[in-house]
Structure formats: C-alpha cells, structure tokens
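Below is one structure; the comments refer to it alone.
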Amino acid sequence: MERYQLKDEIWWVGAIDWNARDFHGYETVRGTTYNSYLILDEKVALIDGCREGFGHEVLARVRGCCGLRPVDYLVINHVEPDHSGAIPELVERLQPERIFCSKRGKDALALYYGADTVEKWDLQIVGTGDELALGRNTLQFIEAPMLHWPDSMFTYVKEAKTLLPNDAFGQHLATSKRFADEVDINIVMEEASKYYANILMPFGGQIQKMLGKIGEMGLEIEAIGPSHGVIWRTPEDVARIVEAYEYWSASKAPERVTLVYDTMWHATEEMTMAICDGVAQEGVECAVLELSVSPRSEAMHQILESRAFLVGSPTLNNGIFPTVGGFLTYLKGLRPKNRVAAAYGSCGWAGGAVKQIDAELRDLGLDVLDPIEVKYKPTDDELDACVELGREVARRVKGMEG
Numbered sequence: 003m004e005r006y007q008l009k010d011e012i013w014w015v016g017a018i019d020w021n022a023r024d025f026h027g028y029e030t031v032r033g034t035t036y037n038s039y040l041i042l043d044e045k046v047a048l049i050d051g052c053r054e055g056f057g058h059e060v061l062a063r064v065r066g067c068c069g070l071r072p073v074d075y076l077v078i079n080h081v082e083p084d085h086s087g088a089i090p091e092l093v094e095r096l097q098p099e100r101i102f103c104s105k106r107g108k109d110a111l112a113l114y115y116g117a118d119t120v121e122k123w124d125l126q127i128v129g130t131g132d133e134l135a136l137g138r139n140t141l142q143f144i145e146a147p148m149l150h151w152p153d154s155m156f157t158y159v160k161e162a163k164t165l166l167p168n169d170a171f172g173q174h175l176a177t178s179k180r181f182a183d184e185v186d187i188n189i190v191m192e193e194a195s196k197y198y199a200n201i202l203m204p205f206g207g208q209i210q211k212m213l214g215k216i217g218e219m220g221l222e223i224e225a226i227g228p229s230h231g232v233i234w235r236t237p238e239d240v241a242r243i244v245e246a247y248e249y250w251s252a253s254k255a256p257e258r259v260t261l262v263y264d265t266m267w268h269a270t271e272e273m274t275m276a277i278c279d280g281v282a283q284e285g286v287e288c289a290v291l292e293l294s295v296s297p298r299s300e301a302m303h304q305i306l307e308s309r310a311f312l313v314g315s316p317t318l319n320n321g322i323f324p325t326v327g328g329f330l331t332y333l334k335g336l337r338p339k340n341r342v343a344a345a346y347g348s349c350g351w352a353g354g355a356v357k358q359i360d361a362e363l364r365d366l367g368l369d370v371l372d373p374i375e376v377k378y379k380p381t382d383d384e385l386d387a388c389v390e391l392g393r394e395v396a397r398r399v400k401g402m403e404g
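When we follow this note's numbering, the leftmost residue of the sequence shown carries the number 3, and every step to the right adds one.
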C-alpha cells in the first residue's frame, strides 16, 4: 500500500476510511483518516494506531517502509478507540520493545483492553518534557489533558520540527492526498472548523494554555501531523491552522447570525424567516438550519462561525420538539461561549418549549435576549416583533469584538 513521506525520516502509514459517515453523533460527510506516523532511525518508532478493522492497512504500510526491520517503539498519544482499537493487533504483530503513553493513557488501556493484556506490554509512562532518543531524531512528549480526553498527549520530533498532536488540528476528511497544500484549502478549512466545533469547542481554555505552553517551550514547528485528515507541512498552512485555533479558542467569530429551528405546522418557520429578514435589514449575514433536514453537527459548525444564534421550536406535549431537544443536549455538551442567543417558537393551547429553551441558554452563561412565543399562527404584529428581534440581535453582533 502507498505510504507518504512527511520529512526525511517520517512517513505517514495510516488508514483511509472513505465510508465513515458518523463520529458519535457528528456527521462526517467526507469520511476520515486514522493517521499513524513511522519514524525510521537507528530505532524505529510508530506514533499512534488506528481504528479496529484498519490495522491491516497500517501494518502493510509499516512493512512497506521498513521491510523486516523491527518496530522498536510504539507511542500512544490517545486511547480513544479510533486511535487505539487496533493497538492489540499491532502490538501482537509488531512486537515493539517498549510502548509509551501518559499515566492516564495506561489506566485507560487497561480498562479498554484488559489489565491482563496490558500487563504483558512493556509500558512506560511519560510526561511533559520527557524525551526518547531514536538516533538522529529525538521525541519530546507534551501532556495535553482534555484535548480532548484526560489521557491525551502530543509528540514533538525535535530535529524534524514536526508536531504530532493526535486530535488537535485535525479534520474528518478522506482524500487520496495526504497534505493540505494538495487539496482545496477551502474544503480543508471547512472540515477543520467543523471538527473544532463538534469536538474541541468545550476545551477552548485548555487550547489557549496549550498554545501558550508550546510558545514557552520554544518549539519550532515546520509541520503538523494530526490524527485525522490531511497534514499541514508548508509555513503558510501551519500558520493558517494555528491562527485558526487561536481565534476559535478565544471564542471569537465573524459578524454572523445562525438560526436553528424545527417546525410542525410552519408557524415557527414563519417566525424564523421574519427573524432572518430582520438580521438582513441590518446588513448582517444569516444562516438558517431546519433540524429535520440539517445535521446537528452542521448547526454547531455554523454556531462556531457566528457571534449569535437563536433556537426555535414548537411546543409538543408541553415540551421541546424532539429534534430541537436533542440538539440542545448536544449544544450543552459543546458549551459555546461569548455568543448572543435567544429562544423563540409557537405553541397551541399551552406553551412550554420556548421557556425551557430560554432557561437552557441562560444556564450556558450566554448573552440571552428576551424570548418570543406565539400561539398557533403568528399575527402580522408578532411577525413584526420577530423582525425587530432579528434587527436587535444583528445590532448586538455588530457591536461585538470578533
């Protein structure tokens, strides 16, 4: 199988998952990759594994690079099954002399694959600043807890000035090309921002600290090899993704509004279009997503790229419409910050949904405007109020720093 050279002695030996369409609730319309990296030196090191079922691809590429040479070391940056699922198979087939991971990584491996199995491996715990000499190259480890699991860490190849940060800086994107400069950069950045919105958004504070730590350590970075998607190898592309992470992790966003809603008999839809019209009257861009036809992961992507978002729902059985309720659960887990927000919607003889959405938004600590609820079908005056709500949201958006 084809393998790809990242640096003189660093090779991509991962696997391509063309058919992945769901990543625990995040719709991956362009598939994904599970990136592993092989460093050929006096000692041979494999950085990261892959998902179960794709181990044969990694093994074939490893053997294509090093033939019958033994793989001396295996580094496990992160234990989530899309990276570690094939680890037992890789360990059995490659028989590495030693395996390196974080303290929490060792604990998680035992829970996933059984303490009896893991006890047979020569596991060495590493922390920030620890180094492993391969010969001409030196690996330096950096703990990265909650980016995005407690066990996560980065591996930095000092002499090659290459950062292998597992789930940071990635994208769910399957291509026959391995590098960002070989693919339409608009698609790459779209998938990078969607990835950040649906996986890393809750960890903005930790990302800010990690970026600061990398600066304090004086790490020179010429290439970034994430665990998913394409590799950043040019100065322009490395700067592009690092600047994007600095921007997103600071909870900044463009001058934009997103409306997320669902509807039963079109009343909430009418309100949505009126709010959208009000936003447009103020010269602000607006995105509209109906949850019955739009994936929640795309809604979160649009919220990442917006300074304000509104959530609309009809009332069903005194509560939130199911698609909107599911979206709110997803939203709460991702915890967007520094956003203007509001609730709106329609009801029949009794309300409930709008009040509940308003409470959920306030619990997130957002700048929440007063909600609008109408009975049955909105009147002209009520639609005018929706237009004014859109205008007020847009005015606030224009006054925010972005």
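Backbone N, C-alpha and C fix where the C-beta goes; we use that ideal spot for every residue, glycine too.
Here's the rule I'm using: 16 or more other beta-carbon atoms within 10 Å means buried, otherwise exposed. How should Thr35 be labelled? buried
Please report the distance separating the alpha-carbon of Arg138 from that of Tyr75. 15 Å
Touching by the beta-carbon criterion (3+ pairs, under 8 Å), the region 234-244 and the region 288-297: no
Alpha-carbon spacing of Met273 relative to Asp50, whole angstroms: 49 Å
Return the bridge partner residues of Ser154 from the DSSP annotation. None; Ser154 has no bridge partner.
Counting only the same chain and skipping the five closest in sequence on each side, list residues whose C-beta sits under 6 Å from that of Ser299. Tyr28, Glu29, Asn200
Which residue wins for smallest C-alpha separation from Tyr247, given the options Phe171, Val15, Phe311? Phe171
Just the Cα atoms here: how many angstroms apart are Arg218 and Pro167? Correcting the residue type first, residue 218 is Glu in the shown sequence and not Arg. One C-alpha to the other measures close to 17 Å.
Could you check the C-alpha separation between Arg106 and Asp153 for me, to the nearest Å? 5 Å
Terminal residues of the continuous beta strand (DSSP E) containing Val290? 287-292
Considering only residues of the same chain and omitting the five flanking positions on each side of Phe102, which have a CB-CB separation below 6 Å? Val77, Gln126, Val128
Hey, which unbroken runs of the alpha helix (DSSP H) at 4 residues or more fall wholly within the region 43-73? 57-68
For Thr325, report the span of its alpha helix (DSSP H) as first-last. 324-336
What would DSSP say about Tyr75, mapped onto helix, strand or coil? strand
I need the boundaries of the alpha helix (DSSP H) containing Val389, first residue and last residue. 382-400
Just how far apart, CA to CA, sit Ile144 and Leu336? 25 Å
Alpha carbon to alpha carbon, what distance is there between Arg309 and Leu48? 41 Å
Under a Cβ-count criterion, where at least 16 other Cβ atoms within 10 Å of its own Cβ denotes burial, should Gln304 be classed as buried or exposed? buried
Can you confirm whether the region 340-351 touches the region 383-399 when touching is taken to mean that 3 or more C-beta pairs between the two stretches lie within less than 8 Å? yes
Inter-residue CB distance, Arg63 and Gly87 (contact presumed, cutoff 8 Å): Incorrect: roughly 17 Å between the Cβ atoms, too far for contact.
If I'm right that Lys163 touches Ile223 with Cβ under 8 Å, what's the distance once you round it to whole angstroms? 6 Å
For the putative contact between Tyr378 and Gly350, defined by C-beta atoms under 8 Å, what is the C-beta separation to the nearest angstrom? 6 Å
Coarse secondary structure for Trp123, derived from DSSP in three states: coil
Close-in-space but distant-in-sequence residues of the same chain around Val313 (CB under 6 Å, 5 per side omitted): Val262, Ala345, Ile359
Where the alpha helix (DSSP H) through Asp84 begins and ends: 83-86
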